[in-house]
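I have placed the structure first, in the form of structure tokens, so that the comments after it can refer back to it.
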């Protein structure tokens, strides 16, 4: 009967299940390996582009290169640009394949390991952390983080934009579940729902932010220098630098650099002349809105690594240090007033600050300026 047919099908599938799992495993390994190869090649292409951009123009005997570009250099640039577009297309295929197999985590890990960690290892060190200041002051933390973000955006920004546009929940699809009502009535609910929808591949959060945060927390020396509450001013500066870096990370990574008109015209002409079968203008081009970037930033804030990172700040100790500092200043100011009278100059700030306070609030006595 029907039950026997179902049992036979079940037995048949059970026999095939080891082969299916093996096929899935081999496919994932193949896609991850191919993705790593493409990322390495993309890094090579971008490094070559940066080298050529910094190189001085050629000056030949016939004057080519003075205010212009040598034809051979232009051909190389166009070939490199087409290669970059092809690499981006193939990387997108690998990411989609891994997402369909439910292995987005493998794609994120490969991107973090092959693309981001080499950048972090080349730039993160105690020497660069203290650059511009004394040992332990972390004077170079802000510039170090900014350099990492700019390098990642310039080398892999196109991949991040493609991934974000490809896997981020579509904003227009969120309204469907609210029925036929006015979309504006549910704007806040839609935003929250869009943020809560998990992404199959999240390179911005798991591919970039998690490796950076892990590197900052893993090295004992760097961790101690950044999160140590021993010196209140240093901790405040470090907290401000990392808070600024984190709050602007999504916009820094996903910002789109529009090509110039000359690049656009040159690309079209090269496509027509060199290869009539070039369909690069039909390739997927991600459209990222302000809401898309805000959603990406929200995912960064809600990630468990961010929560763990925030717990590293020993803010109660910082507040105690600041409170003790304020009490010491206040005691010194009151002691000066008791000894020299109300007109005693106990204000420890600068003259322009005193004038600004006097103009805005009308305070005249130095003791009240110090209290403010």
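Numbering (the numbering used here), first residue to last: 41 to 412. Glycine residues also receive a C-beta, built at the ideal position from the N, C-alpha and C atoms. Please read these numbers as outputs of a predicted model, since none were measured by experiment.
Counting only the Cα atoms, residue 163 lies some 25 Å from residue 145.
The three-state reading of DSSP puts residue 173 in coil, since its state is none of H, G, I, E or B. When 208, 55, 159 and 276 are compared, the shortest CA-CA separation from residue 353 is found for 276. CA-CA distance, residue 410 to residue 378, rounds to 15 Å. Within the same chain, 240 and 241 come within 6 Å of residue 139 by CB-CB distance, once the 5 residues on both sides are set aside. Boundaries of the alpha helix (DSSP H) harbouring residue 119: 111-140, taken from the DSSP string. The criterion of a C-beta distance shorter than 8 Å is not satisfied by residue 132 and residue 192. Between residue 67 and residue 141, the gap from beta carbon to beta carbon is short of 8 Å. The shortest CA-to-CA distance from residue 371 to any of 262, 349 and 386 is the one to 386. Contact check for residue 113 against residue 85 fails: the beta carbons are separated by 8 Å or more.
It is roughly 21 Å from the alpha-carbon of residue 360 to the alpha-carbon of residue 281.
Contact fails between the stretch 147-164 and the stretch 87-94, because fewer than three Cβ pairs, one in each stretch, are under 8 Å apart.
One Cα belongs to residue 369, the other to residue 407, and the distance between them is close to 11 Å. Closest in C-alpha terms to residue 165, from the list 356, 260, 117 and 272, comes 260.
Listed in chain order, the non-local C-beta contacts of residue 343 below 8 Å within the same chain comprise 245, 246, 249 and 250, local neighbours out to five positions each way being set aside. As the crow flies, the alpha-carbon of residue 329 is around 14 Å from that of residue 338.
Sequence-distant partners of residue 154 (beyond 5 residues in either direction) whose C-beta falls short of 7 Å from its own C-beta, in its chain, are 76, 79 and 80.
Per DSSP, the continuous alpha helix (DSSP H) segment holding residue 190 begins and ends at 181-207. Residue 184 is positioned such that its CB atom lies no closer than 8 Å to that of residue 200. Counting along the chain, the unbroken alpha helix (DSSP H) around residue 367 starts and ends at 355-380. Nearest to residue 355 by C-alpha distance, out of 397, 285, 272 and 402, is 272. When the five nearest sequence neighbours on each side are left out, the beta carbons in the same chain lying within less than 6 Å of the beta carbon of residue 196 are those of 155, in order along the chain. A Cβ-Cβ distance of about 4 Å is found for the pair residue 357 and residue 269, placing them in contact under the 8 Å criterion. Contact check for residue 286 against residue 336 fails: the beta carbons are separated by 8 Å or more. For residue 239, there is no enclosing alpha helix (DSSP H), as DSSP marks it with neither H nor E. Setting aside the 5 residues that flank it on each side, residue 159 is surrounded in the same chain by 188, 191, 192 and 195, each with a C-beta closer than 8 Å to its C-beta; the list follows chain order. For residue 294, the enclosing alpha helix (DSSP H) stretches over residues 289-294. Around the beta carbon of residue 57, fewer than 16 other beta carbons sit within 10 angstroms, so the residue counts as exposed. The beta-carbon separation of residue 274 and residue 177, rounded to 6 Å, stays under the 8 Å limit for a contact. Less than 8 Å divides the Cβ of residue 266 from the Cβ of residue 278. Where residue 153 is concerned, there is no enclosing alpha helix (DSSP H), because DSSP gives it neither an H nor an E.
For residue 348, the enclosing alpha helix (DSSP H) covers residues 344-350. Residue 373 has its alpha-carbon roughly 11 Å from the corresponding atom of residue 383. Per DSSP, residue 248 lies in no alpha helix (DSSP H) and is assigned neither H nor E.
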